[in-house]
Amino acid sequence: DKPSDGTTLQDVYLSHCKVLKVKPNSVVVKELSSCGSGGESTTIDVSKNYLGDRGMLAFLEVLSKTKGLQRLDISDNGIMNETVVALCRSLASHPSIRSINLSNNPLSLVSAVALLDLVRKNPSISSINIDGTFIEDRARLRLAKVIEKNSRLGKKPPGDGETPFNKVVKEFEERRVKALK
Numbered sequence: 006d007k008p009s010d011g012t013t014l015q016d017v018y019l020s021h022c023k024v025l026k027v028k029p030n031s032v033v034v035k036e037l038s039s040c041g042s043g044g045e046s047t048t049i050d051v052s053k054n055y056l057g058d059r060g061m062l063a064f065l066e067v068l069s070k071t072k073g074l075q076r077l078d079i080s081d082n083g084i085m086n087e088t089v090v091a092l093c094r095s096l097a098s099h100p101s102i103r104s105i106n107l108s109n110n111p112l113s114l115v116s117a118v119a120l121l122d123l124v125r126k127n128p129s130i131s132s133i134n135i136d137g138t139f140i141e142d143r144a145r146l147r148l149a150k151v152i153e154k155n156s157r158l159g160k161k162p163p164g165d166g167e168t169p170f171n172k173v174v175k176e177f178e179e180r181r182v183k184a185l186k
């Protein structure tokens, strides 16, 4: 039940760790083993593992093998802007990705620009969590607007039906009210 090239997601990850001279993360190996041999899992959660940039680059090679992946959680991993740029390149033509959690990583404008380009190239993405990053409010709004536009073009908004744009606007209003107190 392996992909046509005979490799598992674990094989791909371990091989790229070796090439990049990165110690494989045991939690990532375990998560990939639960995805099945053909990468049929719809969710991959490698959050809170501090993979760092080089570890994440080894992990990114796995994404091309996960044709059914819908949710990717790489929050709290200490990844930087350059790694998000590489992530965006690898997900630009991904056929099923819908949600990406990048929260609590030290990301800034460079990541925001790459993410904006990503959601324009891959309109199936309906949710990107960038809470706990250094991405400025103006960039958050632009990203939320494009995601909302994508959602209106046929993709359902995430969760409770609240659109990403409305959620960001609501957060800004709450912050403004707190600041006035």
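Heads up: take any position in the sequence shown, counting from 1, add 5, and you land on the working numbering.
Virtual Cβ for every residue (Gly too), placed ideally from N, Cα, C.
Rounded straight-line distance, which links the Cα of residue j to that of residue i
i: Asp6; j: Val33; result: The predicted position of Asp6 is uncertain, since its pLDDT is 31 and thus under 50; a value taken from the coordinates is nonetheless stated next. Cα-Cα distance, rounded: 21 Å.
i: Pro8; j: Asp142; result: Low confidence applies to Pro8: its pLDDT is 48, below 50, so where it sits in the model is not reliable enough to give any reading.
i: Ser57; j: Leu185; result: For the record, residue 57 in the displayed sequence is Gly; it is not Ser. Each residue's alpha carbon lies about 38 Å from the other.
i: Leu74; j: Lys23; result: 24 Å
i: Val51; j: Val90; result: 18 Å
i: Val216; j: Ser80; result: Here the chain has residues from 6 to 186 only, and residue 216 is not among them.
i: Cys93; j: Lys183; result: 34 Å
i: Phe64; j: Leu19; result: 9 Å
i: Ala149; j: Asn110; result: 19 Å
i: Ala136; j: Asp78; result: Going by the sequence as given, residue 136 is Asp instead of Ala. Approximately 13 Å between the Cα atoms of the pair.
i: Ile49; j: His99; result: 14 Å
i: Leu121; j: Cys40; result: 29 Å
i: His21; j: Arg125; result: 29 Å
Opening and closing residue of the beta strand (DSSP E) in which residue i lies
i: Ser104; result: Ser104 to Asn106
i: Thr48; result: Thr48 to Asp50
i: Leu77; result: Arg76 to Asp78
Cβ-based neighbour list, residue i, same chain, cut-off 6 Å, excluding 5 preceding and 5 following
i: Arg59; result: Leu25 and Val27
i: Lys53; result: Asp81
Close beta carbons around residue i, own chain, < 7 Å, minus the five adjacent residues each side
i: Val17; result: Glu66, Val67 and Lys70
i: Ser113; result: Asn86, Phe139 and Ile140
i: Leu158; result: Pro128
i: Ser95; result: Leu65, Leu68 and Ser69
Distance between beta carbons of residue j and residue i, contact taken as under 8 Å
i: Val115; j: Asn86; result: 4 Å
i: Ser104; j: Lys72; result: Incorrect: roughly 16 Å between the Cβ atoms, too far for contact.
For residue i, the first and last residue of its enclosing alpha helix (DSSP H)
i: Cys93; result: Asn86 to Leu96
In the segment 132-160, which residue ranges form an unbroken beta strand (DSSP E) of at least 3 residues, counting only runs that do not cross its ends?
-> 132-134
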